[in-house]
Amino acid sequence: MTLTTAPRGTFDLMPQQALVWQWMESKIRDVLLSYGYGEIRTPIFEHTELFQRGIGETTDIVEKEMYTLTDKGGRSLTLRPEGTASVVRAYIQHKLYGQAPVTKLFYIGPMFRQERPQAGRFRQFHQFGVEMIGEESPVADAEVIILAHDLYCQLGLTALEIHLNTVGCPECRQEYKAALTSALEAEAEALCSTCRMRLVRNPLRLLDCKSPTCQEVISRVPSIHNYLCADCRDHFDQVTTLLKQVGVKYKLSPKLVRGLDYYTRTVFEVINNDLGAQNALCGGGRYDGLVAECGGPAVPGVGFASGIERLFTTLEQQGKIPELASGPQLYVLPLGEELTVVAFELATALRRQGFSVEMGNGTKSLKAQLKTAHKAGAVYTLILGEDEWRERQVTLKAMADGSQKRLPASGLLEEITELVSPRGPKVPLREE
RNA sequence: GUGGGCGUAGCUCAGCUGGUUAGAGCGCCAGGUUGUGGCCCUGGAGGCCGAGGGUUCGAAUCCCUCCGUUCACCCCA
Numbered sequence: 063m064t065l066t067t068a069p070r071g072t073f074d075l076m077p078q079q080a081l082v083w084q085w086m087e088s089k090i091r092d093v094l095l096s097y098g099y100g101e102i103r104t105p106i107f108e109h110t111e112l113f114q115r116g117i118g119e120t121t122d123i124v125e126k127e128m129y130t131l132t133d134k135g136g137r138s139l140t141l142r143p144e145g146t147a148s149v150v151r152a153y154i155q156h157k158l159y160g161q162a163p164v165t166k167l168f169y170i171g172p173m174f175r176q177e178r179p180q181a182g183r184f185r186q187f188h189q190f191g192v193e194m195i196g197e198e199s200p201v202a203d204a205e206v207i208i209l210a211h212d213l214y215c216q217l218g219l220t221a222l223e224i225h226l227n228t229v230g231c232p233e234c235r236q237e238y239k240a241a242l243t244s245a246l247e248a249e250a251e252a253l254c255s256t257c258r259m260r261l262v263r264n265p266l267r268l269l270d271c272k273s274p275t276c277q278e279v280i281s282r283v284p285s286i287h288n289y290l291c292a293d294c295r296d297h298f299d300q301v302t303t304l305l306k307q308v309g310v311k312y313k314l315s316p317k318l319v320r321g322l323d324y325y326t327r328t329v330f331e332v333i334n335n336d337l338g339a340q341n342a343l344c345g346g347g348r349y350d351g352l353v354a355e356c357g358g359p360a361v362p363g364v365g366f367a368s369g370i371e372r373l374f375t376t377l378e379q380q381g382k383i384p385e386l387a388s389g390p391q392l393y394v395l396p397l398g399e400e401l402t403v404v405a406f407e408l409a410t411a412l413r414r415q416g417f418s419v420e421m422g423n424g425t426k427s428l429k430a431q432l433k434t435a436h437k438a439g440a441v442y443t444l445i446l447g448e449d450e451w452r453e454r455q456v457t458l459k460a461m462a463d464g465s466q467k468r469l470p471a472s473g474l475l476e477e478i479t480e481l482v483s484p485r486g487p488k489v490p491l492r493e494e
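When we follow this note's numbering, the leftmost residue of the first sequence carries the number 63, and every step to the right adds one.
As C-alpha cells, this is what we get:
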C-alpha cells in the first residue's frame, strides 16, 4: 500500500495538470518580471537554525510543522516551510545590500510542512512569493500589495478580498501588548485553553482566535490602532492612501495578525471565500527586523507568499483555466507491419523538422488507429497503406472535417509545411 | 496531535433491515463497415467489495483493530 501511494499530503501532477501548472507559472513569471523582480532559486533545505531564528521559535511552523533531519555530518537540516527566510539568507550571504539600495526578488517552488492535510492544505505544497528588501517607504508596501492584486487580475480572477492591517513596530506593539494583556487578564476565565496560553506567550495571536466565546471577549478589547506610534500611524495611512489612489479596494481587518513572528507594521492577506476553511490565497507584510535577526545589516523588507494549489483551485472555480491542447499535429498511421518501418522513418523525419508527430501501431486496423489518433487530438493523420505506397504516395487526412487527399511522398514536407507550422526546433540533418 | 465522513471495476457510484454466480454509467478492447475517427448498435475483458480479526449455517452488508482518504479543529499558502 505505502509502496504504491504517494506520501500523505503529497500528490502527482499528471501531464494534463502539469500543462496547467506550466501555464500558471509562466503567467506568474511574466508579471513578476515586468514588476522588476528577479527570480532566485534557493536550496530546498536550509540549516534548521535559519528557520528557528527567522520564523520564530514560538510559531506553530517551528514548534511542530517542520521536516527536520540530521545529515551524516551531524548537521540539522530542515525542508523549507516557507520562502522568505531562505531569500533573506541568500541576500545576506551574497551581500546584495552592497550592490543596490533596493533588491527585488521572487521565488517559486515547493515548500514543506508536516500538518494534517485538508482542503487547500498539503505537506508538500507550492508557493511563489516576492521580497523587496531595502526599502522602508510605504510606497514599497503598496507596490507589493498592488502587485498581488494585479497578478490575480491578470489571471482573470474576481471576487477576491484584500484584508489589511498593521501590527506596529516593536515599540508601539509592546505597549499594545501590555494593554491587551491587562484588558484580557480580567476575563481570562472566559477564554479557551489555547488562548490562555497565548495570553502569556503571544497575546497578539489571540486576536484571530475563531472560538465564538473568545471572539466575544476580544470584541471588547482595545484596537491596536489606538496604540500606534506616530511613525507607524503615518506609515499605515500612507499605504492606505496609495491603495486608494490606484483604485485597489481593501478591507481593514484590525484583528489580522498573522502567524509568523517577523512581521512589523503592514500585514495583509488576499482571501477567496469560496476556498473552504483555508481561504488565504496569499499572505504577507513588512519585516523590518528580519534581515538583522538573521545576521545581516539592519535593512527593512516587505513581501508576500502565494499558494499555487489555492490559486489553481480558485482559477478552476472561476473557470479561468484555458483549454491547453496537447494533441500531435500529425499522426502517422501505418497499415501492416511492413509499412511500420517506412512510417517510422517518415515520423522521425517530420519530428526532425520540428513537427509534433505520433505514430500508430501498424498491426491494428485502420479504424482502431484512427480512433486512437482522434482521441490523441491529432490535427492531421498520414495514412500509409499498401495501395498508396505502391505508387510511393500517402494519404493526408484532416481530422476536423474528414477530408483527405493522396500526396506523393517526395513532396510531402512542402505540403505539410503549408498546412501547419512546426512547434519545435529543426534538428539539422546530418551531413553525408 | 484531536474529532467526524468515506474506502465496491481504470473513473463516478448503486447494492434496503446479512441470503446463491457483486451491478450500472462512463472509459477500455473487439465487431457491425475486406482500408476510414467522432454518432449509434452488439459483444467482451476487467473486482481477494482497503487490510486483518470476530459474530453467524452464511458477511460487500453487523462488531473490533489497523491502514488509506477526506472534511474540520489548531494553524497557515
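The C-beta atom is built at its ideal place from N, Cα and C for all residues, glycine as well.
Small disclaimer: the values here were computed from a predicted structure and weren't measured.
Going by beta carbons, residue 416 and residue 428 fall outside the 9 angstroms limit.
When beta bridges are read from the DSSP output, residue 333 appears opposite 223, 342. Per DSSP, residue 430 is not a residue of any beta strand (DSSP E); the alpha helix (DSSP H) it occupies stretches across 428-438. Sorting 442, 88, 160, 275 by C-alpha distance to the C-alpha of residue 390 places 442 at the top. Cβ-Cβ separation between residue 191 and residue 367: approximately 4 angstroms, consistent with a contact (criterion under 8 angstroms). When rounded, the separation of the alpha-carbon atoms in residue 120 and residue 263 is 8 angstroms. Taking 9 angstroms as the cut-off, the beta carbon of residue 291 is found closer than this to the beta carbon of residue 231. Here residue 128 carries a coil assignment [DSSP, helix/strand/coil]. Counting only residues of its own chain and dropping the five nearest sequence neighbours on each side, residue 206 has a CB closer than 8 angstroms to the CB of 192, 194, 346, 364, 365, 366. Excluding sequence positions up to five before and after residue 107, its CB lies within less than 7 angstroms of the CB of 139, 140, 141, 142, all in the same chain and listed in chain order. 72 is the residue among 114, 72, 85 whose C-alpha sits nearest the C-alpha of residue 182. Spatial neighbours of residue 175 in its own chain (CB-CB distance under 7 angstroms, excluding positions within 5 residues in sequence) are listed in chain order as 123, 127, 143, 185.
Every beta strand (DSSP E) stretch that sits fully inside the segment 215-279 and reaches 3 residues is listed by chain position as 223-228.
Around the beta carbon of residue 334, a 10 Å sphere encloses 16 or more other beta carbons of the protein chains shown; the residue is thus reported as buried.
Of the residues assessed, residue 78 falls on the exposed side of the cut-off, its CB having fewer than 16 other CB atoms within 10 angstroms.
The straight-line gap separating the alpha-carbon atoms of residue 283 and residue 160 is approximately 44 angstroms.
Under the DSSP assignment, residue 106 falls outside any beta strand (DSSP E); it carries neither an H nor an E label. For residue 400, the closest of 252, 154, 451, 172 by C-alpha to C-alpha distance is 451. In the same chain as residue 434, and ignoring 5 residues on each side of it, the C-beta atoms closer than 7 angstroms to its own belong to 422, in chain order. 254 is the residue among 254, 109, 481, 408 whose C-alpha sits nearest the C-alpha of residue 271. Of the candidates 410, 392, 425, the residue whose Cα lies closest to the Cα of residue 437 is 392. For residue 298 against residue 256, the beta-carbon gap comes to about 29 angstroms, at or over 8 angstroms, which does not count as contact.
Taken through DSSP and simplified to helix, strand or coil, residue 379 comes out as helix. DSSP, reduced to helix, strand and coil, places residue 473 within a helical segment of the structure shown. If you check the CB distance, residue 224 and residue 97 do not come in under 9 angstroms.
A straight-line Cα-Cα distance of about 11 angstroms links residue 338 and residue 375.
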